[in-house]
Structure formats: structure tokens, C-alpha cells
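Here's the structure, in C-alpha cells; my notes come after.
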Amino acid sequence: MDFNSKQRAWRTASAPPCMIPEPDYGDSKEGESKRNSRVCSTNGMRFSEDGLVIPKKPQNPCLESSERQNLHRELLFNQKIGKSVIGQKTELHKAFDKLREDQKKKELEEEKLQKKTALEKKLEEQANKLKQQEELETKKIEAADQPEFLRVHARVCAQTVDSKS
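Okay, so the sequence shown: first residue is 1 according to the UniProt record's numbering, each after it adds one.
The following block contains the structure:
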């Protein structure tokens, strides 16, 4: 006896009674295919005629869960009407994103102001000097428009305040 025949003999001897194959009295191919496809089940496990365990088909979680079915149905409906539900954000997320964008814009503007070239700095200094000169000229013009007695009175008051302190 070879190894395979010993294994077959052992399987048939140790297999449950439903696993013992029925005798084949015919030589037709139909009977052989029926005999090989016959399945016995014991304790929830399914065995073929050869004593091999037949694997179970995995359960589909989408078919079992009604929540998943409803979600899938809703997604299909929204896709049909052209509405994008997945890409939507809540109002809070939208407001937060807008706030972030505004802050980035302000930071960019501040960086532009801080990264002035030497020419821009000189131009700004000259503009400030011109403003100061214009202010001095306007003060002189206002002072010239005042009557002389008011100017003298202001000097006298200033001198008396200085001498008192």
C-alpha cells in the first residue's frame, strides 16, 4: 500500500458516518460527479466527499447592516442628482478655514512691509522729512498771521513760568 491509499483508509475509518461514501454501482460519469459534489455537514462544518473542509462564503457586512444599506442608498441618490455630500464641510469648518485664510493674507502683507528694499526705505525717509518740513512751514505761516502783541505776550508768559520754577 502506498501513502495515499493509507491516508484514504484512515480518513474513511475516522470520518463521521455521513462522510462514508456510498458505493458506486455504475460506471457512468454522472454518478461520479454527483458523488464528488455531495456535501455533508456536522457541527456547522461542511465536508466534501473526499473529507476536505469546504470553505464558507464570507458574509457581506453591507447586506447585513440596515444603516449601511440606507447610507449607500442615500449616496447613490445624491450621486444621481449631482449633489456632492462627501466633500461638504460644516459651517464651523468653513468659518475656521476662512479665518485661517484671512490670517495668512495679513501675514503676507506684514512680510511685504518688513521686507522693504534699501531704495524703499530711503524713499520713505524722504517722504517723512518732507512731511515734517511742511508741518514746520504751516506753523511758521500760522505764527506770522498772529498779531505781534500775542507773540510778545506768549514770550513773556513763557519767561515768567521759567523764572518761577
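Even glycine gets a Cβ: it sits at the ideal position worked out from N, Cα and C.
* Asked: Would Phe47 be called buried (16 or more neighbouring beta carbons within 10 Å of its own) or exposed?
  -> As a working note, residue 47 is residue 47 in the sequence shown. Buried, since its Cβ has 16 or more Cβ neighbours within 10 Å.
* **Residues of its chain near His93, where Cβ-Cβ distance is below 6 Å and the 5 sequence neighbours each way are ignored** => Residue numbering aside, residue 93 sits at position 93 when the sequence shown is read from its first letter. Answer for His93: no residue qualifies.
* Using three-state DSSP, classify Val156 as helix, strand or coil. => Taking the first residue of the sequence shown as position 1, residue 156 is located at position 156. Helix at Val156.
* Taking Ile86 as part of the alpha helix (DSSP H), name the residues at either end of that continuous run. => Taking the first residue of the sequence shown as 1, we reach residue 86 at position 86. Judged by DSSP secondary structure, Ile86 falls outside any alpha helix (DSSP H); it is assigned neither H nor E.
* Asked: alpha helix (DSSP H) containing Asp97: first to last residue?
  -> On the sequence shown, position 97 is the one that residue 97 refers to. Element bounds for Asp97: Glu91 to Gln114.
* **Rounded separation between Pro55 and Glu49 - CA only** => Within the sequence shown, numbered from 1, the residue matching residue 55 stands at position 55. Within the sequence shown, numbered from 1, the residue matching residue 49 stands at position 49. In a straight line, the C-alpha of Pro55 is about 14 Å away from that of Glu49.
* To do: Excluding the 5 residues preceding and the 5 following Glu64 in the sequence, name in chain order all residues of the same chain whose CB lies nearer than 8 Å to its CB.
  => Within the sequence shown, numbered from 1, the residue matching residue 64 stands at position 64. Its chain contains no residue whose beta carbon lies nearer than 8 Å to that of Glu64 once the 5 sequence neighbours on both sides are disregarded.
* Where the alpha helix (DSSP H) through Ile54 begins and ends -> Here residue 54 is taken as the residue at index 54 of the sequence shown, counted from 1. Here Ile54 belongs to no alpha helix (DSSP H), and DSSP marks it neither H nor E.
* Asked: Does DSSP put Ser163 in a helix, in a strand, or in coil?
  -> Numbered from 1 along the sequence shown, position 163 holds the residue referred to as residue 163. Residue state, collapsed to three classes: helix.
* Asked: Which whole-angstrom value is the C-beta distance of Val85 and Leu71, which I expect to be below 8 Å?
  -> One-based indexing of the sequence shown puts residue 85 at position 85. One-based indexing of the sequence shown puts residue 71 at position 71. The Cβ separation is near 10 Å, so there is no contact.
* Does DSSP put Glu67 in a helix, in a strand, or in coil? -> Counting from one through the sequence shown, the residue named residue 67 turns up at place 67. Three-state result, Glu67: helix.
* Asked: Span of the alpha helix (DSSP H) holding Gln133?
  -> The count along the sequence shown starts at 1 and reaches residue 133 at position 133. Gln133 -> alpha helix (DSSP H) spans Ala118 to Asp145.
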